[in-house]
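Chains as they are written, first to last, in this note's numbering: chain P, 1 to 207; chain X, 1 to 207.
For each residue, glycine too, the CB sits at the ideal point set by N, CA and C.
2 protein chains.
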Amino acid sequence: MVSRERILEAAGRVYAKHGFRGATTRLIAIEAGVNEVTLFRTFGSKGALLEAVLEQHQEHDHARSLPSEPVDPFAELTIFVAASLERVRDMRPLLVQTMSELDERPDAAEFACRGRHDIHDTITAYIRRLQARGLAASDIDVDVAAVMLTALVMSDAMARHFVPDVYPPLDEAAERYVRSFLRVLGAPAPDAAPPARAAFSPTPSSQ
Amino acid sequence: MVSRERILEAAGRVYAKHGFRGATTRLIAIEAGVNEVTLFRTFGSKGALLEAVLEQHQEHDHARSLPSEPVDPFAELTIFVAASLERVRDMRPLLVQTMSELDERPDAAEFACRGRHDIHDTITAYIRRLQARGLAASDIDVDVAAVMLTALVMSDAMARHFVPDVYPPLDEAAERYVRSFLRVLGAPAPDAAPPARAAFSPTPSSQ
DNA sequence: TTGGTAAGCAAGTAGGTACTTGCATACGCA
DNA sequence: TGCGTATGCAAGTACCTACTTGCTTACCAA
Numbered sequence: 001m002v003s004r005e006r007i008l009e010a011a012g013r014v015y016a017k018h019g020f021r022g023a024t025t026r027l028i029a030i031e032a033g034v035n036e037v038t039l040f041r042t043f044g045s046k047g048a049l050l051e052a053v054l055e056q057h058q059e060h061d062h063a064r065s066l067p068s069e070p071v072d073p074f075a076e077l078t079i080f081v082a083a084s085l086e087r088v089r090d091m092r093p094l095l096v097q098t099m100s101e102l103d104e105r106p107d108a109a110e111f112a113c114r115g116r117h118d119i120h121d122t123i124t125a126y127i128r129r130l131q132a133r134g135l136a137a138s139d140i141d142v143d144v145a146a147v148m149l150t151a152l153v154m155s156d157a158m159a160r161h162f163v164p165d166v167y168p169p170l171d172e173a174a175e176r177y178v179r180s181f182l183r184v185l186g187a188p189a190p191d192a193a194p195p196a197r198a199a200f201s202p203t204p205s206s207q
Numbered sequence: 001m002v003s004r005e006r007i008l009e010a011a012g013r014v015y016a017k018h019g020f021r022g023a024t025t026r027l028i029a030i031e032a033g034v035n036e037v038t039l040f041r042t043f044g045s046k047g048a049l050l051e052a053v054l055e056q057h058q059e060h061d062h063a064r065s066l067p068s069e070p071v072d073p074f075a076e077l078t079i080f081v082a083a084s085l086e087r088v089r090d091m092r093p094l095l096v097q098t099m100s101e102l103d104e105r106p107d108a109a110e111f112a113c114r115g116r117h118d119i120h121d122t123i124t125a126y127i128r129r130l131q132a133r134g135l136a137a138s139d140i141d142v143d144v145a146a147v148m149l150t151a152l153v154m155s156d157a158m159a160r161h162f163v164p165d166v167y168p169p170l171d172e173a174a175e176r177y178v179r180s181f182l183r184v185l186g187a188p189a190p191d192a193a194p195p196a197r198a199a200f201s202p203t204p205s206s207q
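(1) For P:Q207 and chain X, any beta-carbon pair shorter than 7 Å?
(2) If you count every other CB in all the chains shown that lies within 10 Å of the CB of P:Q58, and 16 or more means buried, which is it?
(3) Kindly indicate which three-state DSSP category X:R64 falls into: helix, strand or coil?
(4) DSSP three-state label for P:T235, please.
(5) When you check each C-beta in the stretch 82 to 95 of chain P against every C-beta of chain X, which residues fall closer than 9 Å?
(6) Could you give the DSSP three-state label for P:P93: helix, strand or coil?
(7) Tell me whether X:R41 is buried or exposed, calling it buried when 16 or more other Cβ atoms sit within 10 Å of its Cβ.
(8) Please identify, using Cβ separations under 8 Å, the residues of the stretch 17 to 32 of chain X that lie next to chain P, in order along the chain.
(9) Is X:M154 closer than 7 Å to X:R92 when the C-beta atoms are compared?
(10) Kindly list, in the order they appear in chain P, the residues whose Cβ is closer than 7 Å to that of X:H120.
(11) Shorter than 7 Å from the beta carbon of X:L102 to some beta carbon of chain P?
(12) Rounded to the nearest angstrom, how far is the Cβ of P:V144 from that of X:Y126, given a contact under 8 Å?
(13) Note down, in chain order, every chain P residue with its Cβ under 8 Å from the Cβ of X:H117.
(14) Would you report the Cα separation of P:V166 and X:V37, rounded to the nearest angstrom?
(15) In chain order, which alpha helix (DSSP H) runs of at least 4 residues are fully inside the stretch 119 to 191 of chain P?
(16) For P:G47, return the contacting residues in chain X, with the cut-off set at a CB-CB distance below 9 Å.
(17) Assuming X:T78 contacts X:E172 under a Cβ cut-off of 8 Å, what Cβ separation, rounded to an integer in Å, is found between them?
(18) With a 10 Å radius around its C-beta and 16 neighbouring C-beta atoms as the bar for buried, classify P:A146 as buried or exposed.
(19) Mind checking which residues open and close the alpha helix (DSSP H) that includes X:G278?
(20) Compare the C-beta of X:R13 against all C-beta atoms of chain P and say whether one is closer than 7 Å.
(21) Using the C-alpha atoms, what's the distance from P:R116 back to P:R6?
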């Protein structure tokens with residue numbers, strides 16, 4: 001029963017590239033190196049196959065977490081952002097297709113939203129923990145802050161592919177995003193290399 | 001020659017909803033209240049029709065601008081963000097479809113990127129002007145800051161539709177986004193109603 | 001009145017698509 | 001040896017889709 005997995009994997013690729021309508025069973029079968037009939041015998045229908053693809057992706061996709069007892073917000077957030085960027089980036093084509101077909105395939109909505117929700121909730125809770133420990137200002141708009149960082153991650157992961165020139169280099173992105181984000185929290189990062197001149201704003205320099 | 005515009009408008013709606021493959025000429029014709037043959041006589045082919053749709057949208061879409069001599073960053077940015085949110089939100093379905101079909105219709109890339117580029121460039125230039133006038137810190141990561149606000153706008157405009165619960169209410173969004181964003185610039189907004197308790201971070205309170 | 005132009009209608013062509021059926025082949029297991 | 005199961009192959013069905021053709025109708029302007 002090895003064909004089942006080969007079909008699933010091929011279907012994922014083809015669907016991500018061409019969308020539901022464009023992902024013909026013929027193409028998927030060729031891509032999987034399998035007879036088209038096998039596809040129908042295994043999954044019953046094209047719709048069921050693509051449902052199986054999304055399900056599988058949701059299972060194999062374990063969300064990143066942030067430490068429950070924050071110590072170094074800059075380091076911790078940078079790791080989290082870098083991991084989230086990579087995770088969302090891997091799912092980008094699939095996500096874009098799913099988003100564009102939400103009207104016609106509302107059952108895929110959960111798949112489209114889950115990643116974003118995970119990131120948003122993780123960040124929100126983390127900011128609250130930072131506040132409780134005095135590592136973030138108490139007067140900040142927590143929800144908007146979380147939306148900001150989430151948007152940054154999603155935007156980079158989704159749009160860098162076709163608007164590459166507006167984003168910082170891949171290897172710097174997470175770090176620079178977090179550095180700027182920490183200003184929103186009123187808890188700036190340690191001194192940095194990139195644009196490290198004398199500061200205009202007297203934000204606190206430690207903790 | 002009124003049918004040309006009716007077809008264009010209907011094609012825009014149908015395309016935004018169903019994507020290129022899903023936008024059948026038959027459906028477009030029905031939606032336009034026009035005979036399918038008229039569609040082919042007017043535009044030649046389905047591909048040409050959809051090109052015309054995108055062209056038309058690009059023409060009717062004049063970008064917002066920010067004042068060349070900034071005075072009140074909070075007010076100016078709020079207006080800009082609100083306008084951009086509305087503009088992008090109107091184009092959302094069309095943008096999503098275009099994004100999902102970039103591989104197969106690379107000619108639509110310009111359409112997909114333009115709005116984002118406009119916003120990004122406008123913000124970048126504005127931040128530089130703020131810095132020149134001492135209205136923003138000089139040690140900030142300008143590019144990342146611009147990416148941040150752009151991402152916030154795009155994210156809200158694109159994703160609020162299917163993840164509504166993570167975003168602030170429509171009428172508060174622009175204001176709250178800008179308020180948090182100004183912290184990144186090291187130039188906080190005037191006192192606000194929402195979470196206005198004693199500040200933890202001694203950021204400067206004016207100019 | 002005449003002629004051009006935009007539009008509708010009915011029908012057809014050629015190709016693609018999901019899905020089915022019937023039959024042949026190969027492999028593993030009792 | 002024989003049997004069940006997974007798979008391949010060829011062909012077919014029913015439908016959809018882009019696009020064409022030939023003909024008719026209605027309007028508008030010279």
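If we stick to the structure as given:
(1) Confidence at P:Q207 is low in this model, with a pLDDT of 34, below 50, so the placement of that residue is unreliable and no value is reported for it.
(2) Per the 10 Å Cβ criterion, exposed.
(3) Here X:R64 sits in coil by DSSP.
(4) Summary: the structure shown does not reach residue 235 of chain P, with chain P confined to residues 1 through 207, and so no result is reported for it.
(5) Taking 9 Å as the Cβ-Cβ cut-off, the stretch 82 to 95 of chain P approaches chain X at P93, given in chain order.
(6) DSSP places P:P93 in the helix class (H, G or I) of the three-state scheme.
(7) Exposed is the call here.
(8) Under the 8 Å Cβ criterion, the stretch 17 to 32 of chain X contributes K17, H18, G19, R21 and G22.
(9) Contact check for X:R92 against X:M154 fails: the beta carbons are separated by 7 Å or more.
(10) Under the 7 Å cutoff, chain P gives V166.
(11) Chain P, which has a Cβ nearer than 7 Å to the Cβ of X:L102, makes this yes.
(12) Distance from P:V144 to X:Y126 at the Cβ level is roughly 20 Å; contact not present, criterion being Cβ atoms closer than 8 Å.
(13) Ordered by position in chain P, the residues that pass the 8 Å Cβ test against X:H117 are V163 and V166.
(14) Counting only the Cα atoms, X:V37 lies some 44 Å from P:V166.
(15) If we require 4 residues or more, the alpha helix (DSSP H) runs fully inside the stretch 119 to 191 of chain P come out as 142 to 159 and 170 to 184.
(16) By Cβ distance, chain X contributes nothing, its closest Cβ being about 15 Å from P:G47, past 9 Å.
(17) The C-beta distance from X:T78 to X:E172 rounds to 11 Å, too long to meet the 8 Å contact threshold.
(18) Result: buried.
(19) Outside the displayed range of chain X (1 to 207) lies residue 278 of chain X, so it cannot be described from this structure.
(20) Output row for X:R13: interface = no.
(21) When rounded, the separation of the alpha-carbon atoms in P:R6 and P:R116 is 28 Å.
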